[in-house]
Amino acid sequence: MYGGGYIFDEPNKRPMQDTIDDPVKLAEFEQRIADGHKIEPGDWMPNDYRKQLIRMIEQHAHSEIIGALPEGTWITRAPGFKRKLALIAKVQDEIGHGQLLYNAAQTLGKSREAMINDLLSGKSKYSNVFNYPAETWADVTVIGFLIDAAAIVNQVANAKGSYGPYCRALERICYEESFHLKQGHDAFIELATGTPMQRQMVQDALNRWWQPIMHFFGPPDKTSVHSEKLMKWKVKMASNDDMRNQFLDAYVPKIWELGLTLPDENLKKDEATGKWLFSDPDWDLFMKVINGGGPCNAERLQVRKWAEESGRWIRKALMNPNAARSFPVA
Ligand code: FAQ
40 MYGGGYIFDE PNKRPMQDTI DDPVKLAEFE QRIADGHKIE PGDWMPNDYR KQLIRMIEQH
100 AHSEIIGALP EGTWITRAPG FKRKLALIAK VQDEIGHGQL LYNAAQTLGK SREAMINDLL
160 SGKSKYSNVF NYPAETWADV TVIGFLIDAA AIVNQVANAK GSYGPYCRAL ERICYEESFH
220 LKQGHDAFIE LATGTPMQRQ MVQDALNRWW QPIMHFFGPP DKTSVHSEKL MKWKVKMASN
280 DDMRNQFLDA YVPKIWELGL TLPDENLKKD EATGKWLFSD PDWDLFMKVI NGGGPCNAER
340 LQVRKWAEES GRWIRKALMN PNAARSFPVA
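Every position in the sequence shown, counted from 1, becomes a number in the working numbering once 39 is added.
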């Protein structure tokens, strides 16, 4: 484990502000957001805005890093050189997204060490979907197509939000995610239009992943804890239910067009309201998975702990210029 903690004067050496927000400053802040201005790291912000952003960006960063694991295990088994190359590039991009997001969260005063510690101790959450195994190559195509698509729906919207460093990171991430989506879609179509066995593989994978994907957008608006405040402060630009609906609108027709089915007999669009109707996903299961009780939570954290331990000597060498000077020069 790292030795860091909350360091509220890093990296910009800013003193931590008072815990009670000045009502005049709060009103000015909310007006700036209502007028569409971006908030930057040196600007005054309410404590809760800072805390909420740290929570959300940090969870997002962890999701990118942990999210590379289910696909990463398929690099050597991806069918053919082209798919292997694309998967290597995608996994590398996801780790890069984690780096961008940790940097954005650091601008709010929580050190990277503290974030990694909170991930490894199980204190911080990360996306539910990465706690399921990628059993076959078809699972990898469902991740690349539908989970990337779900992530893009969320991130394209939130890139127009109020906190400058997060929005800029999201913009760059979205460019790369759209390539991921293209490769995921291509691999998905290849299976869906392939042999009967390939179609069956992709259908089985869809059946396995559908509920986790429905969970991905978070609990229904009526039980979402943070949405109201985050939407008021334009951190979240649409509610969980709205994002879920946008995703269903864009992607269910694409799945049905291929003659594939989704494991929910109540799934249909109500043309009068434009809203999709569906069976309520198992929200107790969702809570269990995001709180450490999913099929792969323990394994995912174990791999990250191993990576932290194994990389310790490299971090130490990088942080110590004297050690670098003593390396032999060829
Ligand atoms: N998984 O009050 P709300 C990706 C928690 S990136 C786990 O509605 P909020 C790229 C929530 O934290 C994927 N936990 O929460 C990729 C809260 O718990 P807390 C990640 C979840 O924040 C693709 C509690 O439930 N994307 O996939 C989830 O307003 C392919 C109450 O919920 C982001 O992180 C969940 N799905 O809305 C990589 C985007 N949903 O903290 C590799 C940024 C909710 O109070 C391969 N985040 N919870 O203990 C967001 O937009 C929001 O945080 C939501 C949740 C929408 C995820």
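C-beta atoms are modelled at their ideal positions from N, C-alpha and C, and glycine is treated no differently.
Go to residue i, then tell me how far its alpha helix (DSSP H) extends in each direction, as first and last residue.
i	result
K123	F120 to Q145
R71	P62 to A73
D323	W322 to K327
N197	D187 to N197
T180	W176 to V181
D288	N279 to E296
I353	R351 to M358
Is residue i helix, strand or coil by DSSP?
i	result
L306	coil
L230	helix
K90	helix
G42	Note on G42: pLDDT 35, under 50, position unreliable in the model; no value is reported.
K149	strand
Y205	helix
R238	helix
V264	coil
C335	coil
F218	helix
F256	coil
K273	coil
D243	helix
I114	coil
I59	coil
S166	coil
P251	helix
L158	helix
K52	In this prediction, K52 has a pLDDT of 44, which is less than 50 and means its spatial position is unreliable; nothing more can be read from the coordinates.
R200	One point to set straight first is that residue 200 is Gly, not Arg, in the sequence displayed. It is coil, neither helix nor strand.
A100	helix
P109	helix
H76	coil
N361	helix
F47	Unreliable placement is indicated for F47, whose pLDDT of 45 sits below 50; the coordinate value is still reported in the next sentence. The answer is coil: DSSP assigns F47 none of H, G, I, E or B.
D225	helix
A346	helix
L301	coil
Y171	coil
The beta strand (DSSP E) spanning residue i covers which residue range?
i	result
W83	Element bounds for W83: n/a, residue is neither H nor E.
W315	K314 to L316
Check the C-beta distance from residue i over to residue j and give it rounded, since I have them as a contact under 8 Å.
i	j	result
R343	L158	7 Å
A143	M154	Not quite, the Cβ-Cβ distance comes to about 11 Å (not below 8 Å), so this is no contact.
G183	Q222	6 Å
N197	M276	5 Å
T180	F227	4 Å
A189	F286	5 Å
I191	E216	5 Å
M282	N336	Not confirmed; about 24 Å, so no contact.
Residue i: beta carbon under 8 Å from a heavy atom of the ligand FAQ?
i	result
P258	yes
K275	yes
V195	no
L316	no
S26	Because the chain is modelled from 40 through 369, residue 26 falls outside the range shown and cannot be assessed.
F218	no
M95	yes
S266	yes
S166	yes
D321	no
I59	no
L269	yes
Q98	yes
N359	no
S160	no
S263	yes
N279	yes
E174	no
G106	yes
F169	yes
D309	no
M282	yes
H224	no
A189	yes
G331	no
F7	The chain is shown from 40 up to 369; residue 7 falls before or after that span and cannot be answered.
H136	yes
E110	yes
I182	yes
E79	no
I186	yes
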